[in-house]
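In short: position in the sequence shown from 1, add 2, done, that's the working numbering. A quick write-up on the structure given underneath.
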Amino acid sequence: MSDLPEDETNQTQGEKIVNTPKPSDPPAIEVTHLTRSFSGIQAVNNISFEISRGQVVGFVGANGAGKTTTMRILATLDYPNSGEVKVCGINVVDYPAEVRRKIGWMPDNYGTYQNMTVVEYLDFFARALGYQGQERINRIVEVMEFTDLASLADRLIDKLSKGMGQRLCLGRALLHDPEVLVLDEPAAGLDPKARVELKHLIRILAEDGKTVFISSHILSELDEMCDSLLFINEGKIIHHGSSENLRKKKSSTCLVEVQLKDPPEKLKEWASLAPGVTFRDSTKRGGRIEVEPAADEDIAQVLRRMISDGLSIIDFHQEERKLEDAFIEILGEIEESSTLGVS
Numbered sequence: 003m004s005d006l007p008e009d010e011t012n013q014t015q016g017e018k019i020v021n022t023p024k025p026s027d028p029p030a031i032e033v034t035h036l037t038r039s040f041s042g043i044q045a046v047n048n049i050s051f052e053i054s055r056g057q058v059v060g061f062v063g064a065n066g067a068g069k070t071t072t073m074r075i076l077a078t079l080d081y082p083n084s085g086e087v088k089v090c091g092i093n094v095v096d097y098p099a100e101v102r103r104k105i106g107w108m109p110d111n112y113g114t115y116q117n118m119t120v121v122e123y124l125d126f127f128a129r130a131l132g133y134q135g136q137e138r139i140n141r142i143v144e145v146m147e148f149t150d151l152a153s154l155a156d157r158l159i160d161k162l163s164k165g166m167g168q169r170l171c172l173g174r175a176l177l178h179d180p181e182v183l184v185l186d187e188p189a190a191g192l193d194p195k196a197r198v199e200l201k202h203l204i205r206i207l208a209e210d211g212k213t214v215f216i217s218s219h220i221l222s223e224l225d226e227m228c229d230s231l232l233f234i235n236e237g238k239i240i241h242h243g244s245s246e247n248l249r250k251k252k253s254s255t256c257l258v259e260v261q262l263k264d265p266p267e268k269l270k271e272w273a274s275l276a277p278g279v280t281f282r283d284s285t286k287r288g289g290r291i292e293v294e295p296a297a298d299e300d301i302a303q304v305l306r307r308m309i310s311d312g313l314s315i316i317d318f319h320q321e322e323r324k325l326e327d328a329f330i331e332i333l334g335e336i337e338e339s340s341t342l343g344v345s
C-alpha cells in the first residue's frame, strides 16, 4: 500500500468498539406515521416501523414503491411532510448533524472521483469527517482491510470493477464507524461472486453489533442475510416479519414435486382428473403439481390417492414456498381488498 498523506498531528487509534445493544438503548430506527409527497404524488404514505439494534432488515419493494425516499429521510437528505423519524433515539429533522454521526449512508449510485486512487478517495473523506493524524491513517487502513481493498490502494477508481467500486463505497460509509448502516440497493448490478462477498461483509457487520437496513427489489438477494423483511408497496408497509414467518403464512395452495417410474405424461393425465390438484410443469422424471387446499392432511390424501390409482412413485415432497410467491400473494390480497372497498 502506498504511504498515506501525513498530518502534523499524531494520534493513536483507540481500541475497536463493538456496538453491543443494551436493554435501555432506544431502537436503532423508529419511523412513526411518516408521509412524504412530491408534486401531489404520495411517495410514502403514513408508514410506521421499528428496527432493533443489531438487526439486519431487508427493505423490499418494486421500483418506485417508496424505498429510496424513506432511506433518504433516514439519512437526513430529505424531510418528511409529517410524522417522526429517529435514529438511535435522535430526531432526524431536529438534530441532523448528530444523526449523521450515527448513520452510514450508501445510496444506490454513489458518486466517485474517477481520477483518484482508492486510498486518496478514502483519505479525502476521512479528512472531511474530521479525522487527523494517526487516527485518520488507522481508520483508512482498517476500512481497506475490511473491504479487501488494501491490495488495490493505488488503483484508480475508474479501473475498479463494479463489485470493487461497491466495496469502496461501503468503505466510505464505514469510515466514521457508524452504529447504523442504510444501504440502498447495494447489490444492484453485481455479478454472483460480488454478491456473495457483499453478503459476507454485511453479516460480519451485524456480528459486530451494527444495525443494517438494506433495500432491494429482488427478494432472493436479502433472504439469507436478513433477520427480517419489511415490504413496501405504493408507499405503504404491507408486511414486517421474518422470512420464515412469511413462508409459513397461510396459503391456499402448495407445490409438490413428484418423481415417477412411469412416463412424466402420466402425472399430467392423472392431475387433470384429480379434484383439488393442478398440473404445473414437467420434470425429467415427473413434474410438479399444485394442491388446494394446502393443509398437511390434504397433501397426504393426494399421495394416498396417487398410490391407489396405480402411479409408481419414487419421490414425493412438498417444495419450500418461495418468498416471491408469498409477496405476490400479499399483493393479491391487497388488490382484492381494494376492489371490494375494504381498507
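Think of the CB as a built atom: it goes at the ideal place given N, C-alpha and C, for glycine as much as any other residue.
Taking DSSP as the reference, what is the three-state secondary structure of residue i?
{"i": "I75", "result": "helix"}
{"i": "V87", "result": "strand"}
{"i": "I220", "result": "coil"}
{"i": "M227", "result": "coil"}
{"i": "G42", "result": "coil"}
{"i": "M118", "result": "coil"}
{"i": "T70", "result": "helix"}
{"i": "V184", "result": "strand"}
{"i": "E10", "result": "The pLDDT assigned to E10 is 39, lower than 50, so where the model puts this residue is not dependable; a value taken from the coordinates is nonetheless given after this. Coil, per DSSP."}
{"i": "N65", "result": "coil"}
{"i": "G191", "result": "coil"}
{"i": "E32", "result": "strand"}
{"i": "H202", "result": "helix"}
{"i": "D327", "result": "helix"}
{"i": "R290", "result": "strand"}
{"i": "N111", "result": "coil"}
{"i": "K238", "result": "strand"}
{"i": "D160", "result": "helix"}
{"i": "Q303", "result": "helix"}
{"i": "S26", "result": "coil"}
{"i": "I19", "result": "For I19, the predicted model reports a pLDDT of 41, less than 50, meaning its position is unreliable and no value from the coordinates is stated."}
{"i": "Q57", "result": "coil"}
{"i": "I336", "result": "helix"}
{"i": "R262", "result": "The identity of residue 262 in the sequence shown is Leu, whereas the question assumes Arg. It is a strand residue."}
{"i": "S153", "result": "helix"}
{"i": "D125", "result": "helix"}
{"i": "L257", "result": "strand"}
{"i": "Q320", "result": "strand"}
{"i": "V101", "result": "helix"}
{"i": "D96", "result": "coil"}
{"i": "G173", "result": "helix"}
{"i": "D298", "result": "helix"}
{"i": "G243", "result": "strand"}
{"i": "M3", "result": "Residue placement at M3 cannot be trusted, given a pLDDT of 47 that sits under 50; the coordinates are not used to answer."}
{"i": "S314", "result": "coil"}
{"i": "G132", "result": "coil"}
{"i": "G106", "result": "strand"}
{"i": "S345", "result": "Per-residue confidence for S345 stands at a pLDDT of 49, beneath the threshold of 50, marking its modelled position as unreliable; no derived number is given."}
Take residue i and list the residues in its own chain whose beta-carbon comes closer than 8 Å to its own, dropping the five residues that flank it on each side.
{"i": "T114", "result": "Y123, I159, G167, L170 and C171"}
{"i": "L162", "result": "V120, L154 and L170"}
{"i": "H319", "result": "V258 and E259"}
{"i": "P98", "result": "T78"}
{"i": "D150", "result": "R169 and E199"}
{"i": "G173", "result": "L124, V145, M146, F148, T149 and L151"}
{"i": "S274", "result": "F281"}
{"i": "A128", "result": "R138, R141, I142 and L177"}
{"i": "G278", "result": "V293, E294, P295, D300 and V304"}
If residue i and residue j are in contact, beta carbons under 8 Å, what's the gap, nearest whole angstrom?
{"i": "G418", "j": "G211", "result": "Residue numbering for the chain in the displayed model covers 3 to 345; residue 418 lies beyond these limits and cannot be assessed."}
{"i": "A189", "j": "R197", "result": "5 Å"}
{"i": "I316", "j": "L262", "result": "6 Å"}
{"i": "D264", "j": "S310", "result": "With 8 Å as the limit, D264 and S310 do not qualify as a contact, their Cβ atoms being about 15 Å apart."}
{"i": "D283", "j": "V293", "result": "About 15 Å separates the two Cβ atoms, so there is no contact after all."}
{"i": "A328", "j": "L248", "result": "5 Å"}
Identify, in the order they occur along the chain, each residue of the same chain with its Cβ nearer than 6 Å to the Cβ of residue i, setting aside the five sequence neighbours on each side.
{"i": "A64", "result": "H219"}
{"i": "T352", "result": "Nothing can be reported for residue 352, as the shown portion of the chain is limited to 3 through 345."}
{"i": "S217", "result": "F61, K69, D186 and E187"}
{"i": "I75", "result": "P82 and V87"}
{"i": "V101", "result": "T78, V89, I92 and V94"}
{"i": "Y112", "result": "C171"}
{"i": "G165", "result": "L192 and A196"}
{"i": "T72", "result": "V46"}
Quick one: what's got a C-beta closer than 7 Å to residue i's C-beta in the same chain, skipping five residues either side?
{"i": "M227", "result": "V58, K201, I204 and R205"}
{"i": "K104", "result": "V89, C90, I92, P180, E181 and V182"}
{"i": "L131", "result": "L177 and H178"}
{"i": "T34", "result": "S50, G85 and E86"}
{"i": "I53", "result": "P29, A30, I31, V59, T213 and F215"}
{"i": "S39", "result": "A45 and N83"}
{"i": "G334", "result": "none"}
{"i": "Y133", "result": "R141"}
Less than 8 Å between CB atoms is the rule here; does residue i satisfy it with respect to chain C?
{"i": "K212", "result": "Among the chains in the structure shown there is no chain C, since it carries only a single protein chain."}
>> Taking contact to mean 3 or more Cβ pairs, one atom from each stretch, closer than 8 Å, check whether the segment 234-242 and the segment 278-297 are in contact.
In response: no
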